[in-house]
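J.: This is the structure I have questions about; it appears just below.
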């Protein structure tokens, strides 16, 4: 997680950050740019991590100044999730997809993708990296290398409908479950087209991460911890 922050800071500076960059004005400029390009929540996370590194450096005498970086206000949003009826509309709409994706009918490819996203609540990057060797009849394993943070593998159960949808797109000579031969941006673009056809919101908060929030919401409603 610290690596993500440092990589973003390096892009902003045009070079790797060094100890002399632990300066209130320098850090504030980076966080302002980060808020503009991502979100206040992302900038707040980056601020917390830079301040932690800075505080450690000050305690060890590596820098003279202690951090006095202003906190970033993060608006509390109401979690946006799909209703059961909206999910049905979305799945009905993907059934109308006519193209072929890496030899698989697009209607089957999209249905399996969305059901895996819903059953597992995993991020789309990890879902797209899923390999057939990690798919069983009742669960899938997402490898640490494809997950946010890259710290550990995780096994997620899947339902019978999802397992059946996966069987319908299985190709014996292919490693990836969901190969995507187009640009990554087109995946989000195509999702937007499908959502609009279904009469559903298609803004950036309504793509794959909304399915993740939906699963978390249903899980919390059942009395469990969404975290």
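Numbering (this note's numbering), first residue to last: 141 to 367. For glycine and all other residues, C-beta sits at the position ideal for the given N, C-alpha and C. Small disclaimer: the values here were computed from a predicted structure and weren't measured.
Give the DSSP-derived three-state secondary structure of residue 321 in the structure shown.
T.: Numbered from its first residue, the chain shown carries residue 321 at position 181. Coil.
J.: Taking the alpha-carbon of residue 252 as reference, which of 319, 224 and 208 has the nearest alpha-carbon?
T.: Here residue 252 refers to the residue found at position 112 when the chain shown is read from its first residue. Nearest of 319, 224 and 208 to residue 252, Cα basis: 319.
J.: Three or more C-beta pairs closer than 8 Å, one from the segment 270-286 and one from the segment 352-366: is that the case here?
T.: No: fewer than three Cβ pairs fall under 8 Å.
J.: Please go through the same chain and pick out, in chain order, the residues whose beta-carbon is closer than 7 Å to the beta-carbon of residue 214, but skip the five residues on each side of it.
T.: Numbered from its first residue, the chain shown carries residue 214 at position 74. Excluding sequence neighbours, residue 214 sits near 180, 181 and 184.
J.: For residue 171 and residue 338, what's the separation of their Cα atoms in angstroms?
T.: Reading the chain shown from its first residue, position 31 is the one you call residue 171. Reading the chain shown from its first residue, position 198 is the one you call residue 338. Using only the alpha carbons, I get a separation of about 38 Å.
J.: Starting from residue 280, trace the beta strand (DSSP E) both ways and give me its first and last residue.
T.: As a position in the chain shown, residue 280 is number 140, starting the count at 1. First-last of the beta strand (DSSP E) with residue 280: 279-282.
J.: Return the CA-CA distance between residue 143 and residue 169, expressed in angstroms with no decimal places.
T.: Working through the chain shown from its first residue, we reach residue 143 at position 3. Working through the chain shown from its first residue, we reach residue 169 at position 29. Residue 143 and residue 169: Cα-Cα distance of roughly 19 Å.
J.: Measuring alpha carbon to alpha carbon, tell me which residue in 291, 303 and 352 is nearest residue 141.
T.: Start at 1 with the first residue of the chain shown, and residue 141 comes out as number 1. When only C-alpha atoms are compared, the closest one is 291.
J.: Would you report the Cα separation of residue 223 and residue 361, rounded to the nearest angstrom?
T.: Taking the chain shown and counting its residues from 1, one reaches residue 223 at position 83. Taking the chain shown and counting its residues from 1, one reaches residue 361 at position 221. Taking the straight line joining both Cα atoms gives about 12 Å.
J.: According to DSSP, is residue 291 helix, strand or coil?
T.: What you label residue 291 is simply residue 151 of the chain shown in a count that begins at 1. Reduced to three states, the DSSP call for residue 291 is coil.
J.: Short of 7 Å in beta carbon distance, which residues of its chain neighbour residue 233, apart from the five on each side in sequence? Order them along the chain.
T.: The residue you call residue 233 lines up with position 93 of the chain shown. Taken in chain order, the residues that qualify are 334, 337 and 338.
J.: For residue 240, which of helix, strand or coil comes out of DSSP?
T.: Here residue 240 refers to the residue found at position 100 when the chain shown is read from its first residue. Correct three-state label for residue 240: strand.
J.: Can you look up residue 271 in the DSSP assignment and give me helix, strand or coil?
T.: Here the question's residue 271 lines up with position 131 in the chain shown. Looking at residue 271 - three-state DSSP - the assignment turns out to be strand.
J.: Where does residue 187 fall in DSSP's three states?
T.: As a working mapping, residue 187 is identified with position 47 in the chain shown. Residue 187: helix per DSSP, three-state reduction.
J.: Measure the C-alpha to C-alpha separation of residue 331 and residue 163 and round it to an integer number of angstroms.
T.: Counting from one through the chain shown, the residue named residue 331 turns up at place 191. Counting from one through the chain shown, the residue named residue 163 turns up at place 23. So the two alpha carbons sit approximately 42 Å from each other.
J.: For residue 260, which residues in the same chain have their Cβ closer than 6 Å to its Cβ, ignoring the five residues on either side in sequence?
T.: Along the chain shown, one-based indexing puts residue 260 at 120. If we look at residue 260 and ignore the five residues flanking it on each side, its Cβ neighbours are 296.
J.: Considering just the uninterrupted stretch of the alpha helix (DSSP H) at residue 141, what are its terminal residues?
T.: Residue mapping note: residue 141 aligns to position 1 of the chain shown, counting from 1. Looking at the DSSP string, residue 141 is not in any alpha helix (DSSP H), and its letter there is neither H nor E.
J.: Please tell me whether residue 302 and residue 227 are closer than 7 Å, where the distance is taken between their beta carbons.
T.: The count along the chain shown starts at 1 and reaches residue 302 at position 162. The count along the chain shown starts at 1 and reaches residue 227 at position 87. Contact: no.
J.: Going by DSSP in three states, residue 255 sits in which element: helix, strand or coil?
T.: For this step, residue 255 is matched to residue 115 along the chain shown. Three-state result, residue 255: helix.
J.: Residue 188: which of 145, 230 and 216 sits nearest, CA to CA?
T.: For the purposes of this step, residue 188 is identified with residue 48 of the chain shown, where counting begins at 1. The candidate whose alpha carbon is nearest that of residue 188 is 145.
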